[in-house]
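To keep things clear, I will list the structure first and then write my remarks on it.
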Amino acid sequence: MDGHLQGADLARAYFDDLVRPLLDAHFPGVPYAAARLGSGSDVLGFDDATSRDHDWGCRLTLLLDDAAAGAVPDVTAMLERELPDRYGGRPVRFPVTWDQAATHKVEVSTVAAFCRFRLGVDPTGGLSVLDWLCLVGQCVLEVTAGPVFADGTASLAGIREALRRCPPDVERYVLAAWWRRASQWMPIIGRAAERGDESGSRILAARVAEDLIRLAFALSGEWAPYGKWRGTAFKELPVARRLAAPLDIAVAAPEWREREAALAEAAEILLDVQRERGLPAPGKAVVQFWDRPYRTVDDAVAAELVAGITDPEVAALPPYVGSVEQWVDSVDVLAHADRRAALQIAYRTWIGGG
Numbered sequence: 115m116d117g118h119l120q121g122a123d124l125a126r127a128y129f130d131d132l133v134r135p136l137l138d139a140h141f142p143g144v145p146y147a148a149a150r151l152g153s154g155s156d157v158l159g160f161d162d163a164t165s166r167d168h169d170w171g172c173r174l175t176l177l178l179d180d181a182a183a184g185a186v187p188d189v190t191a192m193l194e195r196e197l198p199d200r201y202g203g204r205p206v207r208f209p210v211t212w213d214q215a216a217t218h219k220v221e222v223s224t225v226a227a228f229c230r231f232r233l234g235v236d237p238t239g240g241l242s243v244l245d246w247l248c249l250v251g252q253c254v255l256e257v258t259a260g261p262v263f264a265d266g267t268a269s270l271a272g273i274r275e276a277l278r279r280c281p282p283d284v285e286r287y288v289l290a291a292w293w294r295r296a297s298q299w300m301p302i303i304g305r306a307a308e309r310g311d312e313s314g315s316r317i318l319a320a321r322v323a324e325d326l327i328r329l330a331f332a333l334s335g336e337w338a339p340y341g342k343w344r345g346t347a348f349k350e351l352p353v354a355r356r357l358a359a360p361l362d363i364a365v366a367a368p369e370w371r372e373r374e375a376a377l378a379e380a381a382e383i384l385l386d387v388q389r390e391r392g393l394p395a396p397g398k399a400v401v402q403f404w405d406r407p408y409r410t411v412d413d414a415v416a417a418e419l420v421a422g423i424t425d426p427e428v429a430a431l432p433p434y435v436g437s438v439e440q441w442v443d444s445v446d447v448l449a450h451a452d453r454r455a456a457l458q459i460a461y462r463t464w465i466g467g468g
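The numbering of the sequence shown is the working numbering, which starts it at 115 and goes up by one.
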C-alpha cells in the first residue's frame with residue numbers, strides 16, 4: 115500500500131476488501147454502520163508519518179442498532195476467527211495503548227453504547243442542557259468527524275447531525291463565557307509588563323489568544339479538537355483568514371502594546387462575526403480599562419448574550435461559567451467520559467444556590 119496512505123482511507127479499503135464480505139457471509143440480516151470513529155488523528159484526517167508509531171493501522175468502527183446488541187460478541191469473535199493475519203502488508207492484529215492484546219482492532223459495539231462511551235451521556239433520546247455543557251469538543255468529534263463508509267442503522271446519522279451544533283441558548287451561554295474569560299485576563303497583560311514581568315505578560319497574551327481561538331470555533335458553529343490539533347483545525351475555519359495575523363502578533367510581538375493591540379483587533383473581528391450571525395453585539399468589543407492605560411473586552415458583549423437567553427434551564431445557570439471545558443483543564447478529567455458526566459452535580463449545586 116501507498117506509504118502516504120491516510121488512516122481513514124486504509125479503514126475504508128480494509129472494510130470493503132475484508133470486513134464487509136465477512137459480515138455479508140456470516141451476519142446477512144444484521145444492519146450495521148461501518149466507520150472510522152473514536153480516537154486517533156486519522157479520525158480528524160490529520161494523521162501523518164509520525165502518527166504511525168502507535169495506535170495506527172487496520173482500525174475500524176462497527177456499530178449495530180441496540181436491537182442487535184446480542185450479536186456484538188458474536189461479530190467480534192467471528193472477525194477474530196476469520197480475518198487474515200495481514201492486510202496490504204500491515205498486521206490485522208496488533209496492540210494499542212489501551213489494549214496490549216494482539217487482537218483485531220475492529221471496535222464492535224452498539225450505536226448507543228459507543229456514543230455513551232465517547233460522550234459520557236446518552237444522546238439517543240436527546241440531550242439535556244447539562245448534558246450539552248458536559249460535552250467536550252474532542253469527544254464530540256470522535257463521534258461526528260470521522261468518515262462513515264456504510265450505514266444501515268436507525269440512529270447513527272441522526273445522532274451525528276444532532277451533535278453538530280448545540281441549542282441556541284446553550285450556545286449563547288458558552289459564547290458569553292468565552293468573552294468573559296478574555297475580559298478578565300486581557301487588561302493585566304500590560305500591567306504585568308509594566309511591573310517588569312515580561313514573561314508573565316506574554317503568557318497572559320497567549321492565554322487570551324487561546325480563548326479567542328476557542329471563541330472563533332464556537333462562533334463558527336464548530337467543535338474544537340484537543341490542543342494538539344486545535345491550531346490545525348482553526349486554520350480551516352473561514353474566519354481564520356482574518357484572525358491568523360493578529361493572533362500571531364499577539365503571541366509573538368516583543369512589546370506588550372503590540373500584543374494588546376493585536377488581541378483587540380482579533381476581538382473586533384470576532385464581534386463582527388457575532389453580529390453577522392444576528393447575535394447581540396454592542397458597537398465595539400474593546401474598551402478602556404478604568405482610567406488605566408490598558409484595554410479589555412467590554413462587559414456588555416457577554417452581558418447582552420446572557421440577557422437574550424430565554425430557556426429557563428439555561429437562564430437558571432450561574433452567568434459566565436460556561437461549559438466544563440471553560441472551567442476544567444485537567445486532561446485526566448476531560449478525557450474520561452464518566453468524570454465529565456459527574457460534573458453535572460456542580461451545575462445542579464450552583465442552580466440550587468449551593
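The beta-carbon is built from N, C-alpha and C at its ideal position, and this holds for glycine as well.
It should be emphasised that the depicted structure is a prediction, and the values quoted were computed from it without experimental measurement.
- The C-beta distance from G260 to L151 rounds to 4 Å, short enough to fall under 8 Å.
- Proximity to G304 across R294, Y408, C280 peaks at Y408, based on C-alpha coordinates.
- For H118, the number of other beta carbons within 10 angstroms of its own is below 16, and it is reported as exposed.
- In the DSSP assignment, Q298 falls within the alpha helix (DSSP H) that extends over 282-299.
- The criterion of a C-beta distance shorter than 8 Å is satisfied by V144 and A185.
- For the pair D161 and Q120, the CB atoms are nearer than the 8 Å cut-off.
- Within its own chain, the residues whose Cβ lies closer than 6 Å to the Cβ of R295, once the five positions on either side in sequence are excluded, are D325, listed in chain order.
- Taking the C-beta atoms as reference points, T211 is found no nearer than 8 Å to S297.
- Where T190 is concerned, the enclosing alpha helix (DSSP H) starts and stops at 186-196.
- The alpha carbon of R274 has as its nearest neighbour, out of P237, V284, G266, the alpha carbon of P237.
- Put simply, the stretch 353-364 does not touch the stretch 281-289. Fewer than three CB pairs are less than 8 Å apart.
- Here DSSP, grouped into helix, strand and coil, assigns A148 to strand.
- Straight-line measurement puts the Cα of T175 at about 13 Å from the Cα of F231.
- Cβ-Cβ distances below 7 Å link Y434 to A290, A291, R294, A416 in the same chain, with the five nearest sequence neighbours on each side left out; the list follows chain order.
- Residue environment for T267: buried (at least 16 other C-beta atoms within 10 angstroms of its C-beta).
- The beta carbon of W464 sits closer than 8 Å to those of L431, P432, V435, all from its chain and outside the five residues before and after it, given in chain order.
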